[in-house]
């Protein structure tokens, strides 16, 4: 070290990626960084060396050691003058994040130095550093694209590239085989749902039987639904169903479903019948499951004064056990208007309305496209992506104002953000726009469904089957106590 050289305090960040790229091991990176520090008058202790193994550099918030290092660097104590990395790609592979964190550090007079990519001072050095960042991000994007392309080709050839679901045993490089003990659970789930039970009832029954998921967790609604939706059980392979970062389902045309080589557990006929029921049943967010229903109209019958559910109260004094419906808010004293109506009156009205529909051949209903459920889950994530783009735009603007980016770089980054914003907005508009439908065909389908529901309600079916039936065509029935009338909202899912 030269006598005129000033001692600096430093930190080191070492990262090994998840992908199979050519890179130095953590020990090799550590050795080279320590040698560089000694030669350049940088004080570097073991506690200031932050190491992460098998972690991608795409997202900084997924790297705890990186976040810990940045937090220390920004603290009032100002413990570091420089952060050493083997290559800039170890610091970040996402240019937006690289610019953001380097800008934050430079405001604290902390430099990020690549020991294998020396950068000269001045504007030309900044340009070289930016080019290196661009190349690192391009490498990451291109690598992901190549991996995706290879996995897509394998999927289209019927290859297995993930652990088989409950009911099967996975074998490295071989076709999954049926695990009979687990297969009985899967068959039970399909059979019970096909018989009229809902997701919650099935999950509760499995848990009461002492059964657990493969990971040893209790069954729950979403696990049951995932199993019922999985085409693996009819001998198919599905790939690219959802984005790993958000678990939002991809567009149907982007999902790959091909014939597999494994034996099916469920017949296509049952699988289609089960999924047809899932598609057609309307499930408002706050509607209670069928398993909670004392009467098949619970969750459907509404109060005409406040819009809340009418609860069923059995008349224990009556030998017939016939009860009444009453607004639960009225029962709790939250409003003074009673909305009480007898069970028999409501049932008679439901039968009368359905008989009139069948006789006239017409019913007024709302059409709910099959993509509605997916849209409802995708829209919040797409809106979040738009909000993230706003934050990115603010960051690149700040980088330009602070002199980190040139005007040309700022304009180029803004064009990329506008392109992404346009693509996301197109998806939002597509999910929000109404579908073009054949009204006559839907009317015919709705009438057929009304006839089937009427037959079930008139039969000796249990409460769950009747509740499932009425919910498949009716979103709500609102009772107007003052006029002693009922308002129906029918739908076709």
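Numbering (the working numbering), first residue to last: 1074 to 1566. Just so you know, even glycine gets a beta-carbon here, dropped at the ideal spot from N, CA and C.
Practice item. With distances taken Cα to Cα, identify the nearest neighbour of residue 1105 among 1488, 1287, 1135, 1186. Key: Residue 1105 sits at position 32 when you count from the first residue of the chain shown. That would be 1186, whose Cα lies nearest to the Cα of residue 1105.
Point to revise | residue 1087 classed as buried or exposed, judged by whether at least 16 other C-beta atoms fall within 10 angstroms | key: Numbered from 1 along the chain shown, position 14 holds the residue referred to as residue 1087. Its Cβ being crowded by 16 or more others within 10 Å, residue 1087 is buried.
Check your understanding: How many Å lie between residue 1268 and residue 1485 at the Cα?
Key -> Numbered from its first residue, the chain shown carries residue 1268 at position 195. Numbered from its first residue, the chain shown carries residue 1485 at position 412. Near 58 Å, if we compare the C-alpha coordinates of residue 1485 and residue 1268.
Review point. Using a beta-carbon distance below 8 Å, is residue 1465 in contact with chain C?
Key: The structure shown contains no chain C; it holds only a single protein chain.
Exercise for review: Kindly confirm or deny that the region 1546-1560 and the region 1280-1289 touch, where touching means at least three C-beta pairs closer than 8 Å.
Suggested key: no
Check your understanding: Looking only at C-alpha atoms, which of 1471, 1564, 1349, 1517 sits nearest to residue 1373?
Key -> Indexing the chain shown from 1 puts residue 1373 at position 300. Here the closest residue by C-alpha is 1564.
Exercise for review: With DSSP as the reference, please indicate the residues paired to residue 1083 in a beta bridge.
Suggested key: The sequence position of residue 1083 within the chain shown is 10, counting from 1. The partner list for residue 1083 (beta bridge, DSSP) reads 1155.
Review point. Residue 1435: buried (16+ other C-beta within 10 angstroms of its C-beta) or exposed?
Key: In the chain shown, counting from the first residue as 1, residue 1435 sits at position 362. Result: exposed.
**Study point:** For residue 1349, three-class secondary structure by DSSP
**Key:** The residue labelled residue 1349 in the question sits at position 276 within the chain shown. Reduced to three states, the DSSP call for residue 1349 is helix.
Review point. Hey, residue 1492 and residue 1455 are a contact pair by Cβ (cut 8 Å); roughly how many whole angstroms apart?
Key: Taking the chain shown and counting its residues from 1, the one referred to as residue 1492 is at position 419. Taking the chain shown and counting its residues from 1, the one referred to as residue 1455 is at position 382. Cβ atoms of residue 1492 and residue 1455 stay farther apart than 8 Å, at about 15 Å.
Exercise for review: Apply the 10 Å Cβ neighbour rule to residue 1415 and answer buried if 16 or more other Cβ atoms are within range, or exposed otherwise.
Suggested key: Against the chain shown, residue 1415 aligns to sequence position 342. Exposed is the call here.
Exercise for review: Answer yes or no: do residue 1147 and residue 1175 have a C-beta to C-beta separation smaller than 8 Å?
Suggested key: As a working mapping, residue 1147 is identified with position 74 in the chain shown. As a working mapping, residue 1175 is identified with position 102 in the chain shown. In this structure, residue 1175 does not lie closer than 8 Å to residue 1147 by Cβ.
Review point. What are the boundary residues of the alpha helix (DSSP H) that includes residue 1100?
Key: Along the chain shown, one-based indexing puts residue 1100 at 27. Counting along the chain, the alpha helix (DSSP H) containing residue 1100 begins and ends at 1099-1112.
Review point. Using the C-alpha atoms, what's the distance from residue 1384 back to residue 1555?
Key: Translated into positions along the chain shown, residue 1555 becomes position 482. Translated into positions along the chain shown, residue 1384 becomes position 311. Roughly 19 Å separates the two Cα atoms.
Check your understanding: How is residue 1562 classed by DSSP in three states: helix, strand or coil?
Key -> The sequence position of residue 1562 within the chain shown is 489, counting from 1. The answer is strand: DSSP assigns residue 1562 an E or B state.
Practice item. May I ask you to report which of helix, strand or coil DSSP gives residue 1551? Key: For the purposes of this step, residue 1551 is taken as residue 478 along the chain shown, with counting starting at 1. Of the three classes helix, strand and coil, the one that applies to residue 1551 here is strand, per DSSP.
Check your understanding: Given that a residue counts as buried once 16 or more other Cβ atoms are within 10 Å of its Cβ, and exposed if not, what is residue 1239?
Key -> Within the chain shown, the letter at position 166 stands for residue 1239. Classification for residue 1239: buried.
Review point. So residue 1524 is in the alpha helix (DSSP H); what residue range does that whole segment cover?
Key: Position 451 of the chain shown holds residue 1524. Counting along the chain, the alpha helix (DSSP H) containing residue 1524 begins and ends at 1512-1531.
Point to revise | Residue environment, residue 1539, which counts as buried when at least 16 other CB atoms sit within 10 Å | key: Residue numbering aside, residue 1539 sits at position 466 when the chain shown is read from its first letter. Classification of residue 1539: buried, given that the 10 Å Cβ count is 16 or more.
Point to revise | Residue environment, residue 1431, which counts as buried when at least 16 other CB atoms sit within 10 Å | key: Translated into positions along the chain shown, residue 1431 becomes position 358. With fewer than 16 Cβ atoms within 10 Å of its Cβ, residue 1431 is classed as exposed.
Review point. Taking just the CA atoms, how far does residue 1157 sit from residue 1179?
Key: Position 106 of the chain shown, counted from the start, is the residue given in the question as residue 1179. Position 84 of the chain shown, counted from the start, is the residue given in the question as residue 1157. So the two alpha carbons sit approximately 14 Å from each other.
Point to revise | residue 1235 versus residue 1537: straight-line alpha-carbon distance, rounded | key: What you label residue 1235 is simply residue 162 of the chain shown in a count that begins at 1. What you label residue 1537 is simply residue 464 of the chain shown in a count that begins at 1. Straight-line Cα distance between these residues: approximately 36 Å.
Review point. Taking only runs of the alpha helix (DSSP H) that begin and end inside the region 1403-1480, which ones reach a length of at least 4 residues, in chain order?
Key: Along the length of the region 1403-1480, whole alpha helix (DSSP H) runs at least 4 residues long occupy 1416-1433, 1445-1474, reported in chain order.
**Study point:** Where residue 1246 falls, given that 16 or more other Cβ within 10 Å makes a residue buried
**Key:** Position 173 of the chain shown, counting from 1, holds the residue named residue 1246. So residue 1246 ends up on the exposed side.
Review point. Whose CA, out of 1407, 1125, 1283, 1426, lies closest to the CA of residue 1589?
Key: With the chain covering 1074 to 1566 only, the question about residue 1589 has no answer from this structure.
Review point. Alpha carbon to alpha carbon, how far is residue 1081 from residue 1120?
Key: Counting from one through the chain shown, the residue named residue 1081 turns up at place 8. Counting from one through the chain shown, the residue named residue 1120 turns up at place 47. About 16 Å.
Check your understanding: Roughly how many whole angstroms lie between the Cα atoms of residue 1474 and residue 1090?
Key -> Here residue 1474 refers to the residue found at position 401 of the chain shown. Here residue 1090 refers to the residue found at position 17 of the chain shown. Distance between the alpha carbons of residue 1474 and residue 1090 is about 33 Å.
Check your understanding: What is the C-beta distance between residue 1408 and residue 1378, in whole angstroms, given that I count them as a contact (C-beta under 8 Å)?
Key -> Counted from its first residue, the chain shown places residue 1408 at position 335. Counted from its first residue, the chain shown places residue 1378 at position 305. Contact holds; Cβ gap of about 6 Å.
Exercise for review: Put residue 1185 into one of helix, strand or coil per three-state DSSP.
Suggested key: As a working note, residue 1185 is residue 112 in the chain shown. The answer is strand: DSSP assigns residue 1185 an E or B state.
Check your understanding: Would the beta-carbon of residue 1272 fall within 8 Å of that of residue 1298?
Key -> Taking the first residue of the chain shown as position 1, residue 1272 is located at position 199. Taking the first residue of the chain shown as position 1, residue 1298 is located at position 225. Yes; because the gap between Cβ atoms is below 8 Å, this pair is in contact.
Practice item. Name the one or two DSSP bridge partners that residue 1342 has. Key: Within the chain shown, residue 1342 is the residue found at index 269, counting from 1. Answer is none; residue 1342 lacks a bridge partner.
Check your understanding: Would residue 1266 pass as a contact of residue 1258 if the rule is Cβ separation under 8 Å?
Key -> The sequence position of residue 1266 within the chain shown is 193, counting from 1. The sequence position of residue 1258 within the chain shown is 185, counting from 1. No, these two residues do not count as a Cβ contact at 8 Å.
Check your understanding: Excluding five sequence neighbours on each side, which residues of the same chain lie with their C-beta closer than 7 Å to the C-beta of residue 1561?
Key -> As a first step, residue 1561 is located in the chain shown; it is residue number 488 there, counting from the start. 1426, 1547, 1550.
Point to revise | Collapsed DSSP secondary structure at residue 1383 in the structure displayed | key: For this step, residue 1383 is matched to residue 310 along the chain shown. Residue 1383: strand per DSSP, three-state reduction.
**Study point:** C-alpha distance - residue 1523 paired with residue 1281, whole-angstrom precision
**Key:** Numbered from 1 along the chain shown, position 450 holds the residue referred to as residue 1523. Numbered from 1 along the chain shown, position 208 holds the residue referred to as residue 1281. If you take the alpha carbons of residue 1523 and residue 1281, they lie about 35 Å apart.
Practice item. Given a cut-off of 8 Å, decide if residue 1084 and residue 1139 are closer than it, judged by their beta-carbon atoms. Key: Taking the first residue of the chain shown as position 1, residue 1139 is located at position 66. Taking the first residue of the chain shown as position 1, residue 1084 is located at position 11. No, the Cβ-Cβ distance between residue 1139 and residue 1084 is not below 8 Å.
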